[in-house]
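Position 138 of the sequence shown, counted from 1, bears residue number 138 in the working numbering, the numbering being contiguous throughout.
Just so it is clear, CB atoms sit at the ideal spot from N, CA and C, and this is done for glycine as well.
For clarity, every value in this text was computed on a predicted model and none was experimentally measured.
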Amino acid sequence: MKFILLSSLLFLTSIATSQVSPDTLFDPVLNAPAYPKGQGPLIHVDAAHHNYHTASDRFAPFAKVLQNDGYKVSENTMSFDQAGLSTMELLVISNAINEANWENWSNPTLSAFTQNEIAAVKNWVQSGGKLLLIADHMPFAGAAKELAAAFGFKLCNCFAMDNRRRNPEIFLRSDSTLLSNEISNGNSTQQEVDSILTFTGSAFKIPKEAIPILKLKNYSLLSPEQAWQFKNDTPHENSDDHYQAAALQFGKGKLVLMGEAAMFTAQLAGNQKIGMNSPLAKYNTQLLRNTISWLMK
């Protein structure tokens, strides 16, 4: 694959296949928490769809940030239906996957959600629910593709690879890959986000009503038959009109779609820090806080 250095792919693959664990020492002190400790709204993090990231495991640092910001966090262990969703204000779904693909990260990638669940979530958001949907590189983007499509997003079940061979990928306000909007700007200059690191995610096209946050420029979207197995003839396309983060007002509710999960957690792969614990990820924690704040408005 001449357009990407083989060494870059080998480096990323070595991280992907190594033992990744949450950084249990990650416990950031937040400036001006949104609520006093434990007095904010309850946020549900999905754990009912074979999620690779859950609040009790790889997404524990995500939950820690929210708790330090005053929110309460609980795991959802039930399938989605109208009755269950009606008790929730904000739902987070990160890297859900179909049981058939749990130990088989190859095509075909099946939906993590039934058609009834997709209809229930869509109706819930339309009626005022708030959804943070995170769908990482293949196969997770494929597993969330039908749910995202219900809101007008077109997820690519791929690996978004930076042609500039930067690892991790960095999005900058200065080059308009990090776009100015209510979420990246926050509610004050102290909350303004200047750069964001991501760690090999997916890509998607957005509906015209969406608010773009992270724009992919000069990326290749690789679609292997099996995750992390790249060949010279692996199908690929350029990243024109694709994004890795966007928001949407949908009826009375709101949705934020993120195409990468590690940016909102803190993980360790050996001595490698991946996520909000990376010394280069200076603004990732603030973007998470801004995202939740925007959803809750």
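| Asked | Found |
| --- | --- |
| If you run the structure through DSSP and keep just helix, strand and coil, what is Asp-46? | strand |
| Output the distance between the C-alpha atoms of Leu-280 and Gln-272, rounded to the nearest integer angstrom. | 12 Å |
| Since Ala-135 and Ala-148 should fall inside the 8 Å C-beta cutoff, what is the C-beta to C-beta distance between them, to a whole number of angstroms? | 7 Å |
| Looking at the secondary structure, which residues open and close the alpha helix (DSSP H) in which Ser-311 lies? | Examination of residue 311 is not possible in this model, given that the chain is present from 1 through 297 alone. |
| Kindly give me the distance between the Cβ atoms of Gln-244 and Leu-222, rounded to whole angstroms, as I take these residues to be in contact under 8 Å. | The pair is not a contact, with the Cβ atoms about 14 Å apart (cut-off 8 Å). |
| Threshold first: 3 residues or longer. Then list the beta strand (DSSP E) segments lying entirely within the segment 34-110, N to C. | 42-46, 72-76 and 90-94 |
| In whole angstroms, what separates the C-alpha of Thr-285 from that of Val-65? | 7 Å |
| Starting from Ile-170, trace the beta strand (DSSP E) in both directions and tell me its first and last residue. | 169-172 |
| So Met-263 is in the alpha helix (DSSP H); what residue range does that whole segment cover? | No alpha helix (DSSP H) holds Met-263; DSSP gives it neither H nor E. |
| Taking the alpha carbon of Ala-261 as the reference point, which residue from Pro-33, Tyr-35, Val-92 and Ala-48 has its own alpha carbon closest? | Val-92 |
| Tyr-283 bridges to which residues according to DSSP? | The partner list for Tyr-283 (beta bridge, DSSP) is empty, contrary to what the question assumes. |
| Terminal residues of the continuous beta strand (DSSP E) containing Lys-231? | From DSSP, Lys-231 is part of no beta strand (DSSP E); its letter is neither H nor E. |
| What does the Cβ neighbour count give for Trp-102, buried or exposed, with the cut at 16 atoms within 10 Å? | exposed |
| Does the structure place the segment 173-180 close enough to the segment 223-237 that three or more beta carbon pairs sit under 8 Å? | no |
| Please confirm whether Glu-103 has its beta-carbon closer than 8 Å to some beta-carbon of chain D. | Going by chain labels, chain D is absent from the structure shown, which holds only one protein chain. |
| If you reduce the DSSP assignment to three classes, tell me which class Thr-114 lands in. | coil |
| For Phe-204 versus Phe-153, is the C-beta distance shorter than 8 Å? | yes |
| Here's the rule: buried if 16 or more other CB atoms are within 10 angstroms of the residue's CB, otherwise exposed. What is Gln-267? | buried |
| Does the distance from the CB of Leu-85 to the CB of Val-121 come in under 8 Å? | yes |
| What span of residues does the alpha helix (DSSP H) with Ala-148 cover, start to end? | 140-149 |
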